[in-house]
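Asker:
There are 2 protein chains.
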Amino acid sequence: MTTSERLVESTRELLWERGFTGTSPKAILQRAGVGQGSMYHHFTGKSDLALAAIRRTAEVMRATADTALSGEGSACDRVRAYLLRERDVLRGCPVGRLTMDPDVIADPALRQPVFETLDWLRGRIAGILREGCERGEFDAGLDPEGTAAAVVATVQGGYVLARAAESPAPFDTAVRGVLSLLAARATGPAPTA
Amino acid sequence: MTTSERLVESTRELLWERGFTGTSPKAILQRAGVGQGSMYHHFTGKSDLALAAIRRTAEVMRATADTALSGEGSACDRVRAYLLRERDVLRGCPVGRLTMDPDVIADPALRQPVFETLDWLRGRIAGILREGCERGEFDAGLDPEGTAAAVVATVQGGYVLARAAESPAPFDTAVRGVLSLLAARATGPAPTA
DNA sequence: GTCTATAGTGTGATAGAC
DNA sequence: GTCTATCACACTATAGAC
Chain A
1 MTTSERLVES TRELLWERGF TGTSPKAILQ RAGVGQGSMY HHFTGKSDLA LAAIRRTAEV
61 MRATADTALS GEGSACDRVR AYLLRERDVL RGCPVGRLTM DPDVIADPAL RQPVFETLDW
121 LRGRIAGILR EGCERGEFDA GLDPEGTAAA VVATVQGGYV LARAAESPAP FDTAVRGVLS
181 LLAARATGPA PTA
Chain B
194 MTTSERLVES TRELLWERGF TGTSPKAILQ RAGVGQGSMY HHFTGKSDLA LAAIRRTAEV
254 MRATADTALS GEGSACDRVR AYLLRERDVL RGCPVGRLTM DPDVIADPAL RQPVFETLDW
314 LRGRIAGILR EGCERGEFDA GLDPEGTAAA VVATVQGGYV LARAAESPAP FDTAVRGVLS
374 LLAARATGPA PTA
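Chains as they are written, first to last, in the working numbering: chain A, 1 to 193; chain B, 194 to 386.
1) Just the C-alpha distance for B/H235 and B/E338, rounded to the nearest angstrom, thanks.
2) Suppose the cutoff is 7 Å on Cβ atoms and the five residues either side in sequence are ignored; what does the same chain contact list for B/A319 look like?
3) Please list, in chain order, all residues of the same chain as B/V345 whose beta carbon is under 6 Å from its beta carbon, the five residues on each side excluded.
4) Note down, one range per segment and in chain order, each alpha helix (DSSP H) of at least 4 residues found wholly within the segment 155-186 of chain A.
5) A/V155 versus chain B: which residues are under 7 Å apart at the beta carbon?
6) Going along chain B, which residues have a C-beta under 8 Å from A/D143?
7) In angstroms, rounded to a whole number, what distance separates the CA positions of B/E279 and A/E86?
8) Are A/V95 and A/V114 close, meaning C-beta to C-beta below 8 Å?
9) Applying the criterion that 16 or more other CB atoms from any shown protein chain within 10 Å of the CB defines a buried residue, is A/P170 buried or exposed?
10) For the alpha helix (DSSP H) containing A/P102, list its first residue and its last residue.
11) Contact defined as beta carbons within less than 8 Å: I believe B/A243 pairs with B/L208. What is the distance between those atoms, to the nearest angstrom?
12) Reducing DSSP to helix, strand and coil, say where A/F43 ends up.
13) Taking only runs that begin and end inside the segment 273-345 of chain B, name each unbroken alpha helix (DSSP H) of 4 or more residues, in chain order.
14) Buried or exposed: B/G266, going by 16 or more other Cβ atoms within 10 Å of its Cβ?
15) Closer than 8 Å, CB to CB, is B/R317 near chain A or not?
16) Following the continuous alpha helix (DSSP H) through A/S4, name the residue where it begins and the one where it ends.
17) Within the same chain, show all residues whose beta-carbon is closer than 7 Å to that of B/D296, passing over the 5 residues directly before and after it, in chain order.
18) Is it buried or exposed, A/A252, if we count other Cβ atoms within 10 angstroms and call 16 or more buried?
19) Between B/V272 and B/L262, what straight-line distance do the alpha-carbon atoms span, to the nearest angstrom?
20) Which value, in whole angstroms, describes the spacing of the CA atoms of B/R248 and B/I298?
21) Does the distance from the CB of A/A75 to the CB of A/E166 come in under 8 Å?
22) Mind pulling the chain B residues with CB within less than 9 Å of A/L14?
23) Less than 8 Å between the beta carbons of B/A274 and B/G285, yes or no?
24) Cβ closer than 9 Å: which chain B residues qualify as neighbours of A/G92?
25) Hey, out of A/T3, A/R163, A/P25, whose CA is closest to B/L303's CA?
26) Does any residue of chain A have a CB that is nearer than 8 Å to the CB of B/A358?
27) What three-state label does DSSP hand A/T64 in the structure shown?
28) Using beta carbons (cut-off 8 Å, strictly below), is A/T147 in contact with chain B?
29) Any idea what DSSP makes of A/T57, helix, strand or coil?
30) Any Cβ of chain A within less than 8 Å of the Cβ of B/T366?
31) With distance defined between alpha-carbon atoms, name the residue in B/T380, B/R290, B/A246, B/V371 nearest to B/V353.
32) Residues of chain B with CB under 9 Å from A/P170, in chain order?
33) For B/A185, which residues in the same chain have their Cβ closer than 7 Å to its Cβ, ignoring the five residues on either side in sequence?
34) Can you give me, in chain order, the residues of the segment 209-223 of chain B that have a beta carbon less than 8 Å from any beta carbon in chain A?
Below is the structure:
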């Protein structure tokens, strides 16, 4: 791993744990085990390094979500696979948590990958649900866009509830709830959600 | 307004805007228009002041939510009233945003009011849905706990999506989605969600 | 390309005058 | 009760040696 890569990885971890405001260059350097000079040689500063880290994290999250969503089965099965995939719930979403960071939201360059990732996810799920509707997998009138937004929001909000409770339980309950509501709209032999 | 109250109000605003880590005593004092001595006279430090501010914010949020949830109508109507109540969506939830602040979550005293508020909200909505089930307002098998968690998570996650997009639209879409899923479970003449 | 040294500013808290 | 002065330390960035 190059010095540059080590810096990006350390930044990714710290942004996830502490956010942008809560992460100092000093902490990044200590975790990466490099001196200050290296950071300012490879990057123009904290924001530039954060941008590289956020872009990488967004890329990883997108790939992970797409794997779960691209599996076999009905639209409902694929959304279920996404919702029930393994997660380190108490750590929260490395992309979503950045939206609570005013310095990230205020900087268009930093906000863009955050927006693009969540927007892509919403659109991906909406597309799957729309296909499901066209195939008659759901009863008439299911709102693919609204449902997709609710699914993504449930995950993001589930992290909030779990971190407040210091327990993954509220996350799991919320996921169970939205899955149950969705499964009730599926036609055919109702799978136990 | 007393000096102490001014300090708490300034802290509430700043915690909402910038979180605990992103808020300095200096910023609080400037906004409140008082000197440093006043703060350390009334409070032991930043955390103590934040605790007073968080408790007050939690109290306000609980009252606001309870007003919307205590209205007339069916269980579905009351949850709808809560979901559709006016919100400054792009500011996010003043309680929920604190869960992304590692220093808040790490301090049991600061985390407690955050947890209690969100847990109360979940329980309140679950109770309303349970009553609705008992009155036959929903078709059999609606999961009150799961649905309530999904409703609260959708709101919290809706803020995340809205802030990422710098637009309230994704929040509104998610709320429409979860409401549509819930309304489909209501018996009788389906109200257009 | 990486290091240490240094600078200037801000943070969170204390001391002591009024 | 409120103010200003001061403290020790951390933050972000730059300079310049190696």
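Quick reminder that beta carbons are idealized off the backbone N, C-alpha and C, glycines included.
Answerer: For this structure:
1) 41 Å
2) P337, E338, A341
3) L314, R315
4) 169-183
5) G350
6) R369, G370, S373
7) 35 Å
8) Contact flag set, yes.
9) Buried: at least 16 other Cβ atoms inside 10 Å.
10) 102-106
11) 6 Å
12) coil
13) 295-299, 301-327
14) exposed
15) False, the Cβ-Cβ gap to chain A never drops below 8 Å.
16) 3-18
17) F213, T214
18) Residue 252 of chain A falls outside the range modelled here, since chain A spans only 1 to 193, and no answer is possible.
19) 6 Å
20) 15 Å
21) no
22) Within 9 Å Cβ-Cβ: nothing; A/L14 doesn't reach chain B, min ~10 Å.
23) no
24) T292, M293
25) A/R163
26) yes
27) helix
28) Chain B, which has a Cβ nearer than 8 Å to the Cβ of A/T147, makes this yes.
29) helix
30) yes
31) B/R290
32) L311, D312, R315, A342, V345, A346
33) The shown model of chain B, from 194 to 386, leaves out residue 185 of chain B, and the question about it has no answer.
34) E210, R211, G212, T214, G215
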